[in-house]
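So the sequence shown is numbered by the UniProt record's numbering: it starts at 1 and just counts up by one. Think of the CB as a built atom: it goes at the ideal place given N, C-alpha and C, for glycine as much as any other residue.
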Amino acid sequence: MFKRLKKFIGRYRNLEQVLLIPYRSYGTYSRLYVFGRALDNEPLKIVQDQSFWKTTKNTWKQFDSFEIPDAEIELVIPGKIKLSHKTNGEGYFLFDKTLEENVAENADEEGWIDYQLHYKGEVSPKTKMLEDYFEGEFLVPPADAEYGVISDIDDTILHTGVTSFLKWRLLKNSLLTNAYSRIPLKGAPELYQKLHHGKSGKNQNPMFYLSNSPWNMYEYLKLFLDHNEFPKGPILLRNFRTPFDRTTKPEKPHKQKEIANILKTYPDLKFILIGDSGEHDASIYTEIAAQYSDRILAIYLRSVKHKRQMERVQSVIDKFDSTPLLMVHTSEEAVEHARENGFIK
């Protein structure tokens with residue numbers, strides 16, 4: 001309570017600690033698109049055997065964030081680039097830059113580039129810098145990638161219960177269950193690994209993960225993906241808008257905006273889109289496919305057991321014929337279609 005009170009009486013001038021959270025992102029040899037956040041919070045610690053109380057406490061910490069606005073953040077790739085940017089009112093920063101240096105020379109064998117984040121804002125002698133600098137990474141897909149995959153997370157690879165009555169299963173699964181205890185939908189990790197390795201079985205096709213979850217859930221979802229051995233990829237969430245948010249509301253839905261940006265970033269790469277039938281993926285994906293008819297190889301929609309939603313989605317499918325669109329009940333159905341069409345080995 002005391003800490004919350006300090007926020008309203010000018011606590012930004014008396015930071016307790018500085019935490020920079022770099023989100024896994026993406027770019028090209030001459031462009032980067034790096035997103036992150038500056039917080040006056042302790043790092044989130046999720047352990048495999050933590051108690052229900054600890055899980056609940058972590059959930060509270062994820063959303064009880066103390067953002068650091070108007071702070072200068074410096075991004076450094078040693079020997080290559082040094083860029084500066086200020087955080088917005090919610091503590092977020094975005095480096096969306098065209099570069100003169102070829103940063104792909106710094107990529108590892110899977111295309112990931114490490115960078116450093118330095119906090120350059122003013123701090124008091126009592127402020128604790130949690131790290132000298134914070135390390136992040138972004139993906140530059142290899143030049144020989146066969147295609148990319150853009151996938152939803154919620155009810156596509158992770159059961160959330162978004163269609164449950166009053167969303168109670170969504171709340172229980174997302175907020176009261178340890179990330180280590182969440183079980184991916186059957187066969188999903190294997191399907192995504194096959195798509196990642198492509199037709200040759202040895203490729204490094206880029207994977208992009210989307211969710212309408214707020215950025216507060218980033219560490220939780222990253223841990224889930226890594227623990228269940230999904231291919232490593234950028235994770236793109238959204239800003240959690242409150243009734244008091246005065247920033248301009250986005251013109252397009254979050255997923256549509258992010259997919260369009262990925263397609264724009266990689267104009268020579270084709271994509272497979274994966275979503276579910278429970279929310280709005282069918283409408284968003286078919287609109288994208290109609291707009292970029294030569295760029296979308298296939299759309300897979302995982303079936304969600306909700307009669308009204310299924311009927312609505314089926315009506316969308318029946319009217320759409322410009323891109324292969326498959327409603328799948330199991331991961332094996334997607335594997336079979338991908339193999340028949342030469343997407344996987």
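C-beta atoms of residue i and residue j nearer than 8 Å
i, j, result
"Phe224", "Leu139", "no"
"Ile153", "Leu210", "yes"
"Tyr300", "Ala334", "yes"
"Leu195", "Phe343", "yes"
"Glu332", "Asn239", "no"
"Asn41", "Ser124", "no"
"Gly148", "Pro142", "no"
"Leu39", "Ile77", "no"
"Leu83", "Leu20", "no"
"Lys255", "Arg295", "no"
"Gln193", "Pro231", "yes"
"Ala282", "Asn341", "no"
Rounded separation between residue i and residue j - CA only
i, j, result
"Arg302", "Tyr119", "42 Å"
"Thr127", "Glu72", "16 Å"
"Thr98", "Ile81", "11 Å"
"Ser30", "Met207", "20 Å"
"Leu75", "Ile259", "25 Å"
"His280", "Asn102", "38 Å"
"Tyr26", "Pro234", "6 Å"
"Leu236", "Arg24", "8 Å"
"Phe134", "Pro189", "29 Å"
"Leu325", "Ile274", "10 Å"
"Leu44", "Trp215", "13 Å"
"Asn88", "Thr323", "39 Å"
"Gln314", "Met327", "9 Å"
"Arg339", "Ser200", "11 Å"
"Glu105", "Gln204", "17 Å"
"Asp226", "Leu263", "25 Å"
"Asp70", "Gln17", "16 Å"
"Asn228", "Lys222", "10 Å"
"Tyr220", "Asp64", "15 Å"
"Gly79", "Ser213", "36 Å"
"Met129", "Tyr218", "22 Å"
"Asn261", "Asp114", "22 Å"
"Phe66", "Lys86", "16 Å"
"Leu191", "Glu122", "47 Å"
"His337", "Lys257", "28 Å"
"Leu185", "Asp132", "39 Å"
"residue 409", "Val316", "As displayed, the chain neither begins before 1 nor continues past 345, which places residue 409 out of reach and without an answer."
For residue i, three-class secondary structure by DSSP
i, result
"Lys222", "helix"
"Arg339", "helix"
"Pro189", "helix"
"Ile262", "helix"
"His85", "strand"
"Val316", "helix"
"Ile153", "coil"
"Glu332", "helix"
"Thr286", "helix"
"residue 382", "Since the first and last residues shown for the chain are 1 and 345, residue 382 lies out of range."
"Lys194", "helix"
"Phe165", "The predicted position of Phe165 is uncertain, since its pLDDT is 41 and thus under 50; a value taken from the coordinates is nonetheless stated next. In this structure, Phe165 counts as helix in the three-state DSSP scheme."
"Asp294", "coil"
"Lys257", "helix"
"Glu67", "strand"
"Asp281", "helix"
Identified DSSP bridge partners for residue i
i, result
"Gln116", "Val76, Glu135"
"Met327", "Leu301"
"Pro22", "Gly36"
"Met207", "Val149"
"Tyr92", "Arg37"
"Pro214", "Arg238"
"Gly27", "Leu32"
"Lys97", "Leu32"
"Gly275", "Leu301"
"Pro184", "Leu158"
Member of the options whose CA lies at the smallest distance from the CA of residue i
i, options, result
"Gly198", "Glu90, Ala145, Pro189", "Ala145"
"Ile150", "Ile272, Pro43, His329, Val18", "Ile272"
"Thr265", "Pro184, Tyr33, Asp155", "Tyr33"
"Phe320", "Val328, Ala290, Glu340, Glu229", "Ala290"
"Phe93", "Glu105, Ile113, Ser200, Gly36", "Gly36"
"Pro267", "Val18, Thr28, Lys202", "Thr28"
"Thr156", "Gly187, Asp132, Met129", "Gly187"
"Glu137", "Glu110, Leu191, Pro22", "Pro22"
"Glu110", "Lys202, Ile284, His329", "Lys202"
"residue 348", "Asp276, Glu100, Asp108", "Because the chain spans 1 through 345 in this model, residue 348 falls outside it and cannot be assessed."
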